[in-house]
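Here our numbering is used: the first residue of the sequence shown is 10, the next is one more, and so on.
Just so you know, even glycine gets a beta-carbon here, dropped at the ideal spot from N, CA and C.
Since we're looking at a predicted model, the values are computed, not measured.
One structure below.
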Amino acid sequence: MACSLAPLAHRTRRSGALSVSSLLAVLGCAPDRELEPELGSFVVRGEHVEVWASEGIEVCGGNIEHMDRFVEAFRQLVGPRAEAEPRRRYYVLDEGDFEELDRCGDGASGCTVQSRTIYGRNVPSTHELVHAEISAVRHTGFEEGLAEVFGDAEPDNMPILYDIQDVLEHGNFDLPFAGYQRAAHFTRFLIDRHGIDGFLALRDATRPTDGPAELASVFEDVLDSNLGRELVEYEEYPDFCFNAGYRFPLMECSVPPSPWQDANTFVETVDLSCGNDDVLGPFEGELFALRAFEIDELGAYSIEVEAEGAPRARAWVVKCDSECAHLPRDDREYPFEPAQIAIEVGIYTPQAELLYPGKYWLRFSRPVDAPGKLTLRISH
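Listed below in structure tokens is the structure:
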């Protein structure tokens, strides 16, 4: 059996020694012996994922259930895939182990290798779980677009800084992170037009070496469509959107909505302590938890957060059925997504925001070194 150590995909984000022989064992390349990884220690095993971590990293109590549920939801969406496995290994590494591993590229926060093992500084990276679930060597624009559009929410990233033609020309693992959001935005456009099955058929037919001319042939053969015409239609697709407004919130919008205290007041307090079974992380230096609520009436709402002892604590408020995902530009009342808000402790709070009826998902976060409670208040 051939074995390769080349990463399937890596992403750049803000952002003990391992021998070659032991790395081969970790990746499942050493036959006829028990795998005894030398990267960290076993932490927890779920139905679809098991977690290992470097010494000193506390893996929060909600991670394994969250990742198992994500894998199940994603598999229901994309259908049976030959690459899917009963369980994969997810390593959460400190800076020393991550640098010693030297597999994910400069500036990357994680990667998935061909054994579908995940290595990362953060947990839970649903971006990397997508790569692990659908692992192949395809055009990078479609690989990263899929992982971004179903992966980790990033409300401060937008697609407008990168041109779609540049994404189409960067197929062979050389798409810079600046292009990931454009790739994700175009992926959402294609899924809206052709469904997830159509997009996956398109993606599966691509090769890393494909340029625009080769991709045009793939569009003709797989979708019976003209790439040039698709790009003309795409020009009308709203791109003044933050990532959380056009990605698919598989996990966030499955959270049951919390009740309002009364007709005009919503208050939710979360204890962001890593040991709690609803807390996730560490993810980019934060602990976080997900909640949801619903709004029945269009109007101006006052939003504020409180988190004693954590000046960098914040909450996100994001509409589940975001208009930014599908409304043509001419039909939009605002150039930017109006229902996607980040509220940070002590900065412009309380904020007055126009909120539309519907379900919203909430993300509460505090720094890893400042666990504790965070309270979100919304009043009308």
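Nearest-angstrom Cβ-Cβ length linking L371 and W325, presumed shorter than 8 Å: 7 Å
C-beta contact flag for I66 and Y99 at 8 Å: no
Ranges of the alpha helix (DSSP H) found wholly within the stretch 138-163, counting only runs of at least 4: 149-159
Contact between the stretch 255-272 and the stretch 78-85 (3+ Cβ pairs under 8 Å): yes
C-beta atoms of A319 and G367 nearer than 8 Å: no
Inter-residue Cα distance where the pair is Q190 and L155: 10 Å
Which listed residue (M76, Y357, E306) has its alpha carbon closest to that of R96: M76
Simplified DSSP assignment, three categories, for Y255: helix
Neighbourhood of E277 by C-beta, 6 Å cutoff - its chain only, sequence neighbours within 5 removed: S267, R300, L385
The beta strand (DSSP E) enclosing D280, as first and last residue numbers: 274-281
Coarse secondary structure for A192, derived from DSSP in three states: helix
N- and C-terminal bounds of the alpha helix (DSSP H) containing I173: 173-178
Cβ-based neighbour list, F275, same chain, cut-off 8 Å, excluding 5 preceding and 5 following: S267, W269, F302, L385, R386, I387, S388
As assigned by DSSP and simplified to three states, the class of R238: helix
Status (buried if at least 16 other CB within 10 Å, exposed otherwise) for V122: buried
R216 versus F186: straight-line alpha-carbon distance, rounded: 20 Å
For S50, the three-state DSSP class (helix, strand or coil): strand
Bridge-paired residues (DSSP) for P376: E295
Same chain, Cβ closer than 8 Å to L9, five either side skipped, listed in chain order: This structure cannot speak to residue 9, because the chain is shown only from 10 to 389.
Within 8 Å, strictly: CB atoms of G143 and V87: The sequence as given places Ile at residue 143; Gly does not occur at that position. It is a contact, given that the beta carbons lie within the stated cut-off.
Cross-strand partners of V327 (DSSP beta bridge): Q349, W370
Counterpart residues of S311 in DSSP-defined beta bridges: A361, S388
Alpha-carbon to alpha-carbon, G180 and L383: 43 Å
Sub-8 Å separation of R130 and F107 beta-carbons: yes
Delimiting residues of the beta strand (DSSP E) encompassing V101: 97-101
For R323 and A351, believed in contact at Cβ under 8 Å, the rounded distance: 6 Å
Residue range of the alpha helix (DSSP H) that includes A222: 221-232
Burial state of I169, where buried means 16 or more other Cβ atoms lie within 10 Å: exposed
Beta-carbon gap between V279 and A253 smaller than 8 Å: no
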